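2 protein chains.
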Amino acid sequence: MSTCLVPRLAVVGVGLIGGSLALALKAAGAVGEVVGIGRGRANLDKALELGVIDRATQDLAEGVRDADLVFLATPVLSLTEVAATAAAHMKLGAILTDGGSVKGSVAAAIEPLLPVGIHFVPGHPIAGTEKSGAEAAFATLYHGRRCILTPTAHTDIGALDLVRRVWEIAGSSVVLMDVEKHDRILAAISHLPHMVAYSLVNAVGSYDRYEENILEYSAGGFRDFTRIASSDPTMWRDIALTNRDALLEMMERCEAFFAELKEDVRNGEADKLYEFFQRSKELRDAIVK
Amino acid sequence: MSTCLVPRLAVVGVGLIGGSLALALKAAGAVGEVVGIGRGRANLDKALELGVIDRATQDLAEGVRDADLVFLATPVLSLTEVAATAAAHMKLGAILTDGGSVKGSVAAAIEPLLPVGIHFVPGHPIAGTEKSGAEAAFATLYHGRRCILTPTAHTDIGALDLVRRVWEIAGSSVVLMDVEKHDRILAAISHLPHMVAYSLVNAVGSYDRYEENILEYSAGGFRDFTRIASSDPTMWRDIALTNRDALLEMMERCEAFFAELKEDVRNGEADKLYEFFQRSKELRDAIVK
Chain X
26 MSTCLVPRLA VVGVGLIGGS LALALKAAGA VGEVVGIGRG RANLDKALEL GVIDRATQDL
86 AEGVRDADLV FLATPVLSLT EVAATAAAHM KLGAILTDGG SVKGSVAAAI EPLLPVGIHF
146 VPGHPIAGTE KSGAEAAFAT LYHGRRCILT PTAHTDIGAL DLVRRVWEIA GSSVVLMDVE
206 KHDRILAAIS HLPHMVAYSL VNAVGSYDRY EENILEYSAG GFRDFTRIAS SDPTMWRDIA
266 LTNRDALLEM MERCEAFFAE LKEDVRNGEA DKLYEFFQRS KELRDAIVK
Chain P
26 MSTCLVPRLA VVGVGLIGGS LALALKAAGA VGEVVGIGRG RANLDKALEL GVIDRATQDL
86 AEGVRDADLV FLATPVLSLT EVAATAAAHM KLGAILTDGG SVKGSVAAAI EPLLPVGIHF
146 VPGHPIAGTE KSGAEAAFAT LYHGRRCILT PTAHTDIGAL DLVRRVWEIA GSSVVLMDVE
206 KHDRILAAIS HLPHMVAYSL VNAVGSYDRY EENILEYSAG GFRDFTRIAS SDPTMWRDIA
266 LTNRDALLEM MERCEAFFAE LKEDVRNGEA DKLYEFFQRS KELRDAIVK
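Shown next, in the form of structure tokens:
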């Protein structure tokens, strides 16, 4: 036990993200004991039963007390409050990290609250499915995925190195990036597409020119395209509230392209339409290789 | 041979759509001979080799001459010209149908060109994948899918009935609808999502604030969401040109929802954001059941 990378890991929020990290580190023999902390007893019991965690508690202060590493995997808007309570009860030298989808506002809110001797490393594993809860967790979720860590001027180098090794052991390729860049890139590749999908489904689903539900006519393309519109509304409300500026920049950018396309449709611009679609196809085909 | 539903079928454009109908009717014993007509010899040879068709020709007039049913499965903008040539060489009483994604402008262009005694039934099987060519065809493509037929005031009832039976034998559930309604519903559930996906990929893919290609950071969600942006630019140019009014109506509708969401993001309207996402999730979850 004493020779493993993380003798005691505390996971706050034992769902897909938190549970999968615990399972990955267990599978690699890189963790001693895993303490699961959450508000719902049923989910904690399920996590115990499935072997995702070794011990469960609904008491955050108690759960983090002896941990060497505390991983916060709760919704973005709750992170500051959870981090403040956790940090106040962690042992000297322990490391706090998180998996929140937004980093700038989170890091700015958490860092001033940290007691001396508690190290914080803001992180974001780029992985997930639309499922949730301890039952959704699996050891290979992070295999082959990227994990972005966003150290700030206050981040301890030793703590950063440990968190990096943790994600590498979980199978991820770790990228370091400043928080602003992280938030802009995620706004582009993740937050904007969710806003687009939610808007599209609302626009089409509320179209009431005909009596029947026109979504009944949709085929596989529409269902695949709109899968992300089934994502958790609370999670996405939090992201929209905490990454506002970067998200607005990308929403305006997308609006401009859509408006250009609409004008080409209106004016029957055959060549411009072809060129618009072809350019998009090339960009998209390049990422699926 | 003489007792099957379609003694001789001619398929113009032996790709995913045309080839799959031929295979489905062959599998059901509902067709005698299948004649494949196309411009590319290599694709026709492949179709012969795979047993999708029994005979191949690059000469449209010759290919349709003895056919009882001619199925046009070529790009939307080519349909009128192909239909005119085919109809001029078909035998009296033969039936012409198509699989074009837009129906109003197609039916309006083709009907005045038909010689007396040649029956036209506009149709649209709602099925497809992003693949193309004879190799992509398979007998079960239409199983469990809808096929919309859009008879007009000029459509012969007997011809309509035969085409309906053909699609039912191919495994589809046939829906009759007027052309305008078809075009508006397809604009909503298919054409609009493609415009949105193409715009999104262009907006994100051309974002050049950072040196690297930010699409490299995209995970499965982005790839799934943008799959339809890899669709054939020619096909989508044709659809955008031929279903302009219905498409513009839906694009403006989508813009309005997106603008509403953007204002809620700008103003940090937590409750409105949650409600917007929740409504979309409910609409989308209802279609995947």
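Protein sequence lines, in the order shown, are assigned to chains X and P. Numbers 26 to 314, taken from my numbering, label the letters of the first sequence in order. Numbers 26 to 314, taken from my numbering, label the letters of the second sequence in order. Glycine included, C-beta positions come from ideal geometry on N, C-alpha and C. This structure is a prediction, so every number in the text was calculated from the model and none was measured.
Rounded to whole angstroms, the Cβ separation of X:L298 and P:A265 is 5 Å, and the two are in contact under 8 Å.
Rounded to the nearest whole angstrom, the C-alpha separation of P:D208 and P:M220 is 15 Å. Between the alpha carbons of X:H144 and X:L41 lies a distance of about 25 Å.
Following the DSSP letters along the chain, one finds P:L217 in no beta strand (DSSP E) but inside the alpha helix (DSSP H) bounded by residues 217–230. A distance of 8 Å or more separates the beta carbons of P:G57 and P:Q83. According to the DSSP secondary-structure assignment, X:I120 is paired through a beta bridge with X:L94, X:H144. Within a 10 Å sphere around the beta-carbon of P:P137 sit fewer than 16 other beta-carbons, which makes this residue exposed.
In the structure shown, X:A178 falls within a coil segment according to DSSP collapsed to helix, strand and coil. Cβ neighbours of P:A152 within its own chain (closer than 7 Å, five residues either side excluded): L166, Y167, R170. Put simply, the backbone Cα of P:G118 is about 13 Å away from that of P:V31. For P:S256, no pairing in a beta bridge is given by DSSP. Within the stretch 182–210 of chain P, the residues whose Cβ lies closer than 7 Å to any Cβ of chain X are, in chain order, K206, R209, I210. Contact between the stretch 254–271 of chain X and the stretch 204–218 of chain P is absent, with fewer than three C-beta pairs closer than 8 Å. In the DSSP assignment, P:R33 falls within the beta strand (DSSP E) that extends over 31–37. In this structure, X:K71 lies away from X:V59, with their beta-carbon atoms at least 8 Å apart. Below the 9 Å Cβ cutoff, chain P contributes K206, R209, I210 as neighbours of X:Y235, in chain order. Going by DSSP, X:S130 is part of the alpha helix (DSSP H) stretching over 129–135.
Here X:A53 is near X:I194, since their CB atoms are less than 8 Å apart.
In the DSSP assignment, the residues bridged to X:I62 are X:V37, X:T82.
One thing to note: P:A111 has its Cβ within 8 Å of the Cβ of P:V37. Taking every protein chain shown into account, the CB of X:A92 has 16 or more other CB atoms within 10 angstroms, so this residue is buried. Collapsing the DSSP output to three states places P:H149 in a strand.
Per DSSP, the continuous alpha helix (DSSP H) segment holding P:S305 begins and ends at 295–313. Annotation for X:D181: H144 place their beta carbon closer than 7 Å to its own, counting only its chain and skipping 5 residues before and after. Straight through space, the alpha carbons of X:K156 and P:N227 are spaced by roughly 29 Å. Non-local beta-carbon contacts of X:V199 in its own chain, meaning distances under 7 Å to residues more than five positions away in sequence, involve C172, L174, R189, W192, E193 in chain order. Within the same chain, no Cβ atom closer than 6 Å to the Cβ of X:V141 is found once the five residues on either side in sequence are excluded.
Residue contact with chain X for P:F145: absent (no Cβ-Cβ distance below 8 Å to any residue of chain X).
Chain-ordered, the chain X residues with CB closer than 9 Å to the CB of P:V229 read A213, I214, L217, P218, M275, R278, C279, L308. Secondary structure at P:R171: strand, using DSSP grouped into helix, strand and coil. Non-local beta-carbon contacts of X:R90 in its own chain, meaning distances under 8 Å to residues more than five positions away in sequence, involve H114, M115, K116 in chain order. Rounded to the nearest angstrom, the gap between the Cα atoms of X:G245 and X:A134 is 42 Å.
By the CB criterion at 8 Å, X:G44 and X:A159 fall inside the cutoff.
As computed with DSSP, P:V89 is found in no beta bridge at all. The Cβ atoms of X:L48 and X:G61 lie no closer than 8 Å to each other. For X:V200, there is no enclosing alpha helix (DSSP H); the residue is found in the beta strand (DSSP E) stretching over 198–201.
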